[in-house]
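Chains as they are written, first to last, in full-length UniProt numbering: chain A, 1 to 751; chain B, 1 to 751.
Shown next as structure tokens:
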């Protein structure tokens, strides 16, 4: 039963006879197996050639190291860009309140550092830095000055946000949002041309700075992942290996996602784990190592630019002194429950709002929407110092442990002794608590409508801010409870009078982790990022307890994190790698054609004419066609992609002499005998995939979904007792899953 | 073309009609797809039932949390065992030199701590602790006392090592070695019954303590991974979910590997990455999170036992004060090159020695071998303080930065000023350098013959010791160079006179990482483990530079790490997930039957009698048989495993009335019409796998290997144009790979 065409020689992989064959159209899913196989062929070719001459050997070596070089470049560029964004955002945020009269390009802090007249205590007040009221009216006192400052604040905020949304709309619509849902989709094998392009990068950087500076409740950490991926994608064009291969390029993009988080938080290990856990789809161990390298390079590049004004690598440097006690796990778990509830609520509310934006007239006025939200934010945020300051500053202050010299309102304790025990709260702290409570309510509400607007917007900082405020409030509450009840049964034994037993900053940190976990459902990476911020394994247990609780609570209300929810909202063809397929359907229930549908459109390996093939392709919209031995036997030979078929027929008609509509299309190895006066056949075996994936009709769908995920398939053919029955595409699976969960299967928009 | 049997109802997955069907024999490979599918069926069943009653709901909840409970138990037990091993090994190591006369169960350190008469300086000398010479002869001075101590040292060493090897041989031969190669193989889906059993665990713990205490050049860190995996495997028996499912159990074992490294180094994140990078095969993200949890629990359990006598979590706590300079990357890279060379050389030498042990008469006298090596080690090691102390102590001392109070010989600098700049070496340091150089040569040689003997033996500590010695030597060299040439072009600008610019301890650390990397080829996990030891991101760059260099250099001499080399030496059927399959063969080149072989043994779905089936099974040794529609069409219906077939026929003959040799065996849905006087047919559709994996004969082997790896297949059927051609098993692939690299294909021993 061995046919004659078994021992065929394959087409030379580096030879690319017809241009366009083997490439993808926009909004299509790549075939991972084919891409990876292509790369292996290319690698084999280079290795074989390398034995022939020194030039080829050098080529082979440079090819092997090009991955590392690319990683180095990605790290350097992303680190530099992140540093630039940081500096610009600091400067423009400060500009909302005033200006440095001596060096206008200094931000508030630098301005007063440069001045020698200030002491450490007064480091935020120096004559060189003038608020707008001072500059315009000559005084910074009184109601009039306050109103001038307020108006200037709103003016700048509106200007920045207007510029941001206008630039995004005019030049790069892909630059809006955090970009992580789309990057997840791209990494899973989808093609969105221009999403990681030059324009998107440029506009994203500019508008990110503007959006952050406008005071909107958003962060720059998520979009930094998009920026890093754009850098990686652009730099890929320097290397043939990565330019031409979609699978290899996605390896680099996975590493770039790690780089993005690494520069956002100064946490390279956390970044790598974030990429592994949250965004990547195909993440071989080689990529792990390279990601780590790139993340480190980026973190150190960023540090050498030194945007945070200190030599710390991390965004929030925290150093706690007191250990925590086992009893404190109870409030930590409470914070976890709060984080989970808030995460679930936020996702529901945000998705409902975004759906409203998509479906009602609201979506037609993105500029107006942004301006209204900015005005609202500025109006409410300005009077409260905790909302006026940027999210990152707020979190930093909340994480901070009160030292004795600390002049912050949050450290407004009554001075009891010279040491640093738990102290009774003073009036300053009570004011701060009220302001924080108001800030919490405001942040919780405004973030829901902010995330998803047509400006670059990250979610890390706002979520962490909500959690940090809650945590600090709870922490101070616990501290006061412990101070006034140190003889009660709960505190006795570990928290005697005059001891420093509760660290409110730690509570803020745990709360921040819990809320971020609830919203994004990150686990390991979140704990590791937080661990890198504190640098002590000590505090991992509270973080882990809160993160675990938060995830469990949030999962009880819905398994999706915010990114998956946005992916589904946008109808991207994304096959979640984490969710198990729970239903007991079989391949035959999912495959096309259904019972009532017309039969599967197939090509036969011989006997069809060019005209017939063209008519078949015209009359359908399928992306590919199975090739069978004959219509009667339905025995499968291979699979041909629509795009390749059209290009090749077109090419054949143009280039090959005598190919007309009545020419036979031949997919076999040997040309079948024809009538002597017949036109020459068009041989298309070269474009046929000789190893299409098949499953039997009885294969359970959980196994089929597993195969799709693990191998990154685009489609899979279904056979019964050796005969072709139908086809399952990724979209069919997604539609089937939507159907099972009672969603609209047509919400899966793209192919 | 839809046959009638498409819409069949499946057999209830929880119903297990014939006992034994679906289980595996020893030394067989599991089918991951089947196992995972089984678990999903089970889970679906429980979820469906949970809606019926409260009891079932509770069952469902407890099932969901059983994984976490199991992880908690694994963490607690492993942490406790590691602590116990540590304490016992400390005590017995000290016993070789002397005894605490007041409390004989105290080790040297504890004994002198308990004594109030000692100062900090004299913490190793106290009247309560008496050397054997003191105890026997009454004096600790003079040549005679030295000889008595020496003899007692050798006596104890021989006694310990004899007990270790004797116990291993008598009770648990699987307890020898580090266990990591076997665990890698088991995690990849192989079954070795008893390897992770109760006996192995008990004997491994006892003999590990004995082997470490005997002073042999081996560590306890690798075997701790085996211990943790044994714990996990034993605890799996408490939960049906894990006891009955080989795939689920392997998830737990992956986590246990992380736990092992976590307790070995006190590095939970590094442990998880070690499991991910080095040992695991199938590592879903859920397992990542659970591993992390278990690793943390274990690390904190270990700390609460506090075996290191301080409250540090980590094995080697290091705190460096001086930053490193870019110029120092040159020596760090040199260390990387040394590490790579040593790693490659060690693997070659060790494998050659182990092969000799396997093939010559050497292997027949394992007890004698261990005793000879122990005697040799003790004889050479005793006179040199750096070889006499345990490997962990040595590394700890080498990593240490010299503080001003340090009385160690390694800190024997000339006192220049009261500060701590780079200082000229004094006589004490010169002596130490000589001793270290001798220790280096000795360690390098003795480790080659020690690793692989029939006692538990880890490789981490000896490799790190070699690297740490080299690093320290280079570090001191650099320090002296800088001190005497601080005006030269290299040091000018960053290392002025009187500055503390070179930290020899850091060099030791980098060297240790380089050597360990060269031997094991770990990358990310190694850097993260080292990072967790220092706790500062500062020193990651030197570590990364050295590790990268070391891996590249070592890979140039052979791609295999020591564990892969031992896997191949032992002929385990392990399909390396990291190596790409580079050859351009097709599935048809690898499949059986070959051209000259007899045709593939197949069953037909109807028409064969029980006697014919039995004869076919008897006449072959295959583990499974494809079922086809008919011998003529060769259209594939399913796949039946030999074991299931034999059990079911046996069961049918016993239980089902009228089943005789002439009964028809039926794999179809509907019983075919038979002659009225024919015996009742034996229906075996229930044991047939209706969704066997198939590839076409033209599928390139690189894709096939990828499928095998990613899906964890045992076998795959090969078709051509819809007709069954042959079969490829994991063993066929391994044999093919062995053939390509000119190795003996018959070295793949097991199925």
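For every residue, glycine included, the Cβ atom is placed at its ideal position computed from N, Cα and C.
* Asked: For residue 227(A), which residues from the same chain have a beta carbon less than 8 Å from its beta carbon, with the 5 sequence-adjacent residues on both sides left out?
  -> When the five nearest sequence neighbours on each side are left out, the beta carbons in the same chain lying within less than 8 Å of the beta carbon of residue 227(A) are those of 78, 81, 82, 85, 201, 204, 205, 208, 260, in order along the chain.
* **Rounded straight-line distance, which links the Cα of residue 609(B) to that of residue 615(B)** => 10 Å
* If we cut at 7 Å on Cβ distances, does residue 188(A) have a partner in chain B? -> no
* CB contact flag (residue 717(A), residue 696(A), <7 Å) -> no
* **Burial state of residue 217(A), where buried means 16 or more other Cβ atoms lie within 10 Å** => buried
* Asked: Using CA coordinates, which residue listed in 732(A), 467(A), 629(A), 543(A) is at the minimum distance from residue 589(A)?
  -> 732(A)
* Quick one: which chain A residues come within Cβ less than 7 Å of residue 737(B)? -> Going along chain A, no residue has its Cβ under 7 Å from residue 737(B), so there is no contact; the nearest lies around 15 Å.
* **Contact under 7 Å by Cβ, residue 336(B) with residue 546(B)** => For residue 336(B) and residue 546(B), yes; Cβs fall inside 7 Å.
* Going by other Cβ atoms of all chains shown within 10 Å of its Cβ, with 16 needed for buried, is residue 673(A) buried or exposed? -> exposed
* If residue 756(B) sits next to residue 702(A), beta carbons under 8 Å apart, how far is it from one beta carbon to the other, in whole angstroms? -> Absent from the model: residue 756(B). The displayed extent of chain B is 1 to 751, so no value can be given.
* **7 Å Cβ cut-off: residues of chain A touching residue 710(B)** => 710, 711
* In the DSSP assignment, what residue or residues form a beta bridge with residue 131(B)? -> 98(B)
* **Whole-angstrom C-beta distance between residue 186(B) and residue 192(B), which should lie under 8 Å** => 6 Å
* Per-residue burial, residue 449(B) [other beta carbons within 10 Å of its own, 16 or more giving buried] -> buried
* Asked: What does a CB cutoff of less than 8 Å around residue 72(A) pick up in its chain, not counting 5 residues either side in sequence?
  -> 293, 294, 297
* What are the start and end residues of the beta strand (DSSP E) that includes residue 718(A)? -> 715-720
* In the DSSP assignment, what residue or residues form a beta bridge with residue 626(B)? -> Looking at the DSSP output, residue 626(B) bridges to 639(B).
* To do: Mind listing the chain B neighbours of residue 544(A)? Cutoff is C-beta to C-beta under 8 Å, in chain order.
  => 292, 293, 296
* Asked: Just reading off the beta strand (DSSP E) that residue 665(A) is part of, what are its end residues?
  -> 664-666
* Could you say which of 395(B), 399(B), 385(B) lies nearest to residue 434(B) if we only look at CA atoms? => 385(B)
* Beta carbon proximity, residue 567(A) to chain B, threshold 7 Å -> no
* **Sequence-distant residues of its chain with Cβ nearer than 6 Å to residue 118(B) (five each side left out)** => With a pLDDT of only 49 at residue 118(B), under the threshold of 50, the placement of this residue in the model should not be trusted; the figure read from the coordinates follows. Cβ within range, chain order: 112, 126.
* **C-alpha gap between residue 195(B) and residue 182(B), whole angstroms** => 8 Å
* Whole-angstrom Cβ separation of residue 409(A) and residue 432(A), contact assumed at under 8 Å? -> 4 Å
* To do: Check residue 455(A) in the structure and name its three-state DSSP category.
  => Looking at residue 455(A) - three-state DSSP - the assignment turns out to be coil, as it is neither helix nor strand.
* Asked: Who are the Cβ neighbours of residue 495(B) in its own chain at under 7 Å, not counting the five residues just before and after it?
  -> Counting only Cβ-Cβ distances below 7 Å, and skipping sequence neighbours, we find 482, 486, 501.
* Asked: For the stretch 693-710 of chain A, which residues have a beta carbon sitting closer than 9 Å to at least one beta carbon of chain B?
  -> 693, 694, 695, 696, 697, 698, 699, 700, 702, 703, 704, 706, 707, 710
* To do: Under 7 Å Cβ to Cβ from residue 63(A), same chain only, skipping five residues before and after it: list those, please.
  => Excluding residues within five positions, the ones whose Cβ falls inside 7 Å are 46, 241.
* Please name the residue or residues paired with residue 573(B) in a DSSP beta bridge. => Beta-bridge pairing by DSSP links residue 573(B) to no other residue.
* Asked: Which of the three DSSP states, helix, strand or coil, is assigned to residue 608(B)?
  -> strand
* So, helix, strand or coil for residue 9(A), using DSSP? -> For residue 9(A), the predicted structure reports a pLDDT of 35, less than 50, and the residue's modelled location is therefore unreliable. A value from the coordinates is still provided. Reduced to three states, the DSSP call for residue 9(A) is coil.
* **Cutoff 7 Å: residue 523(A) Cβ touching any chain E Cβ** => The structure shown contains no chain E; the protein chains it does contain are A and B.
* For a contact meaning CB atoms closer than 7 Å, what does residue 540(B) contact in chain A? -> 296
* To do: Specify, as a first and last residue, the run of the beta strand (DSSP E) that residue 729(B) falls within.
  => 723-729
* To do: Spell out whether any CB of chain B is found under 7 Å from the CB atom of residue 742(A).
  => no
* Asked: Rounded to the nearest angstrom, how far is the Cβ of residue 627(A) from that of residue 667(A), given a contact under 8 Å?
  -> 5 Å
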